[in-house]
Amino acid sequence: MRRPNVLLGGATLTVRAMEQATTEIPIITLASDPLRSGIVNNLAHPEANVTGLAPMTFDLTAKRIEVLKELLPRLSRLAVVFGVRTAPDPVDDEQMRKDVAKSAEALGISWNVFYPTSENIEQVFAQIAADHFDAVYIWTTFLSVTNKERIAKVALEHGLPTISDLEDYAKQGLLLTYGQDLGSLFGDAAEYIDKVLRGAKPADLPLQQPTKFDLVINLKTAKGLGVTVPPSLLIRADEVIE
1 MRRPNVLLGG
11 ATLTVRAMEQ
21 ATTEIPIITL
31 ASDPLRSGIV
41 NNLAHPEANV
51 TGLAPMTFDL
61 TAKRIEVLKE
71 LLPRLSRLAV
81 VFGVRTAPDP
91 VDDEQMRKDV
101 AKSAEALGIS
111 WNVFYPTSEN
121 IEQVFAQIAA
131 DHFDAVYIWT
141 TFLSVTNKER
151 IAKVALEHGL
161 PTISDLEDYA
171 KQGLLLTYGQ
181 DLGSLFGDAA
191 EYIDKVLRGA
201 KPADLPLQQP
211 TKFDLVINLK
221 TAKGLGVTVP
231 PSLLIRADEV
241 IE
């Protein structure tokens with residue numbers, strides 16, 4: 001098998017596996033928070049063979065829950081969907097729980113985490129609805145990225161408002177998203193790959209953090225849910241899907 005010139009990892013567990021497999025092949029990471037998850041020790045001066053992007057999903061948890069509360073003033077019970085293929089990454093899972101707890105409890109919101117697999121997404125959302133949760137926070141994982149249309153469909157069927165980070169989720173039917181555009185994320189990753197292929201060393205390339213975050217509202221989904229989006233949110237929206 002031909003040895004690759006560069007590796008691209010989109011999830012924390014994937015990047016960790018790559019780190020364990022090689023210390024020589026450059027690795028471009030898209031993991032949500034490479035600093036807090038221990039992939040790198042310094043964003044400005046990454047060591048060894050890993051560099052790339054730091055989307056910082058955790059840092060925006062509070063903002064997303066605040067936006068959801070603004071849309072749904074009576075929000076008191078929040079379900080967090082952390083999709084998995086086998087088992088959740090323990091570091092990501094622990095950090096997610098800390099950030100959700102701090103953000104939700106400050107707003108008087110109780111919460112619980114659900115771990116669907118590709119085999120039981122429908123059953124998990126049925127349980128969330130049966131347990132009378134008011135809304136669902138979709139945490140971006142490999143499973144949610146590869147099943148976003150399915151998740152949007154089943155959430156709407158159960159009358160569950162949803163929020164996540166990537167704009168593409170809203171385009172597929174989620175109610176709200178707040179975060180970095182997926183296209184720009186992969187475009188930035190391509191620039192890192194190009195630099196490495198041209199001879200740059202990962203240790204000399206600081207990890208890039210996003211500077212612009214978009215609020216996207218799907219009014220078609222809002223109508224289907226019977227949710228009225230307040231003007232205060234519509235004014236701030238970077239994109240409204242009708």
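1 is the number of the first residue of the sequence shown in my numbering; add one for each residue after it. Virtual Cβ for every residue (Gly too), placed ideally from N, Cα, C.
Rounded to the nearest whole angstrom, the CA to CA distance from Asp-194 to Leu-30 is 15 Å. With 16 or more other CB atoms across the displayed protein chains lying within 10 angstroms of its CB, Pro-34 is buried. In the structure shown, the three-state DSSP call for Phe-114 is strand.
Shown here, Val-229 sits in coil according to DSSP, grouped into three states, outside any helix or strand. The alpha-carbon separation between Asp-165 and Arg-2 amounts to approximately 36 Å. In chain order, Asn-147, Arg-150, Ile-151 and Val-154 place their CB closer than 7 Å to the CB of Ile-121, counting only its own chain and leaving out the 5 sequence neighbours on each side. Val-113 sits close to Phe-82, with the two beta carbons spaced by under 8 Å.
In the three-state reduction of the DSSP assignment, Thr-51 falls in the strand class.
Collapsing the DSSP output to three states places Glu-66 in a helix. According to the DSSP secondary-structure assignment, Tyr-137 is paired through a beta bridge with Val-80 and Ile-163.
Around the beta-carbon of Ser-32, 16 or more other beta-carbon atoms lie within 10 Å, marking it buried. When the Cα atoms are used, Ala-237 and Glu-66 turn out to be separated by approximately 14 Å. Per the Cβ contact rule, the stretch 166 to 178 is not in contact with the stretch 9 to 24 (fewer than 3 Cβ pairs under 8 Å).
Counting along the chain, Thr-12 sits inside no beta strand (DSSP E); it lies in the alpha helix (DSSP H) bounded by residues 12 to 21. A distance below 7 Å between beta-carbons, with the five flanking residues on each side excluded, links Val-240 to the following residues of its chain, in chain order: Ile-217, Leu-219 and Leu-234. Within its own chain, the residues whose Cβ lies closer than 8 Å to the Cβ of Ile-109, once the five positions on either side in sequence are excluded, are Ile-65, Lys-69, Leu-75, Ser-76, Arg-77 and Leu-78, listed in chain order. Considering only Tyr-137, Thr-228, Gly-52 and Gly-159, the residue with the shortest C-alpha distance to Phe-186 is Gly-52. Between the stretch 93 to 109 and the stretch 122 to 130 there are fewer than three inter-stretch CB-CB distances shorter than 8 Å, so the stretches are not counted as touching. DSSP places Ile-241 in the uninterrupted beta strand (DSSP E) bounded by 239 to 241. The three-state secondary structure of Gln-209, taken from DSSP, is coil. A check of alpha carbon separations from Glu-167 across Leu-225, Pro-210, Trp-111 and Leu-215 identifies Leu-215 as the nearest.
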